[in-house]
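Q: Can you read through this structure? Questions will come right after.
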Amino acid sequence: MMQQPATRHTLLSELEWRVMPPLVLDQAKLYMREESPVAYVSWAKLSDAVAKRYAEAPHQLATADWQSGEQIWIVDLCAPFGGAQEVMKGLQAEVFAGQVIHQLYLGVDGKPKAVAWPAV
Numbered sequence: 009m010m011q012q013p014a015t016r017h018t019l020l021s022e023l024e025w026r027v028m029p030p031l032v033l034d035q036a037k038l039y040m041r042e043e044s045p046v047a048y049v050s051w052a053k054l055s056d057a058v059a060k061r062y063a064e065a066p067h068q069l070a071t072a073d074w075q076s077g078e079q080i081w082i083v084d085l086c087a088p089f090g091g092a093q094e095v096m097k098g099l100q101a102e103v104f105a106g107q108v109i110h111q112l113y114l115g116v117d118g119k120p121k122a123v124a125w126p127a128v
């Protein structure tokens, strides 16, 4: 996470809401190459109301938010050595086939923007 521009300045205190819930709820995946981690992704299943709130600053989720609805939102996708597109394609085909996937990304102005990836 420290090598990704979007999460480089993440505070250690954010791990409580950003990393622990998806691990406990089985809404995260760690990608390995041999014995080394190469990518990490976490997602939330948000209600319409929570998704609307999450899309606006400060872009945080409470523990109950992580499984509040049916909208799939990628919270973190960290691939410091490349391969983020492959991870996303795998998620679309294997984990979330037939579902729209939402994600916040940093726009050219440096501010988070919401994007929806079409169902595959």
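Heads up: take any position in the sequence shown, counting from 1, add 8, and you land on the working numbering.
C-beta atoms are modelled at their ideal positions from N, C-alpha and C, and glycine is treated no differently.
1) Starting from the C-beta of Trp-74, find all residues in its chain whose C-beta is less than 6 Å away, skip the five residues before and the five after it, and write them out in chain order.
2) Distance, Cα to Cα, Met-96 vs Lys-121?
3) Kindly indicate which three-state DSSP category Ser-50 falls into: helix, strand or coil?
4) Is DSSP giving Ser-44 helix, strand or coil here?
5) For Leu-41, does the count of other Cβ atoms within 10 angstroms reach 16, so buried, or fall short, so exposed?
6) Assuming Trp-81 contacts Leu-54 under a Cβ cut-off of 8 Å, what Cβ separation, rounded to an integer in Å, is found between them?
7) List in chain order: all unbroken beta strand (DSSP E) runs of 3+ residues lying wholly within the segment 63-108.
8) Using a threshold of 7 Å, state whether the C-beta atoms of Ala-124 and Val-103 are closer than that.
9) Going by beta-carbon coordinates alone, are Lys-37 and Val-49 separated by less than 7 Å?
10) Under a Cβ-count criterion, where at least 16 other Cβ atoms within 10 Å of its own Cβ denotes burial, should Asp-84 be classed as buried or exposed?
A: Concretely, from the data shown:
1) Taking the first residue of the sequence shown as 1, we reach residue 74 at position 66. Correct list, in chain order: Pro-29, Leu-33 and Ala-52.
2) Taking the first residue of the sequence shown as 1, we reach residue 96 at position 88. Taking the first residue of the sequence shown as 1, we reach residue 121 at position 113. Computed Cα separation, rounded: 17 Å.
3) Residue mapping note: residue 50 aligns to position 42 of the sequence shown, counting from 1. Note: Ser-50 maps to strand in three-state DSSP.
4) On the sequence shown, residue 44 is found 36 positions in, with the first residue counted as 1. Residue state, collapsed to three classes: strand.
5) Within the sequence shown, the letter at position 33 stands for residue 41. Position check: residue 41 holds Arg in this sequence, whereas Leu was assumed. Counting Cβ neighbours within 10 Å, Arg-41 comes out exposed, since fewer than 16 surround it.
6) Here residue 81 refers to the residue found at position 73 of the sequence shown. Here residue 54 refers to the residue found at position 46 of the sequence shown. Confirmed, about 5 Å.
7) With a minimum length of 3 residues, the continuous beta strand (DSSP E) runs that stay inside the segment 63-108 are 79-86.
8) Taking the sequence shown and counting its residues from 1, the one referred to as residue 124 is at position 116. Taking the sequence shown and counting its residues from 1, the one referred to as residue 103 is at position 95. No.
9) The residue you call residue 37 lines up with position 29 of the sequence shown. The residue you call residue 49 lines up with position 41 of the sequence shown. In contact: Lys-37 and Val-49 (Cβ atoms closer than 7 Å).
10) For this step, residue 84 is matched to residue 76 along the sequence shown. It counts as buried.
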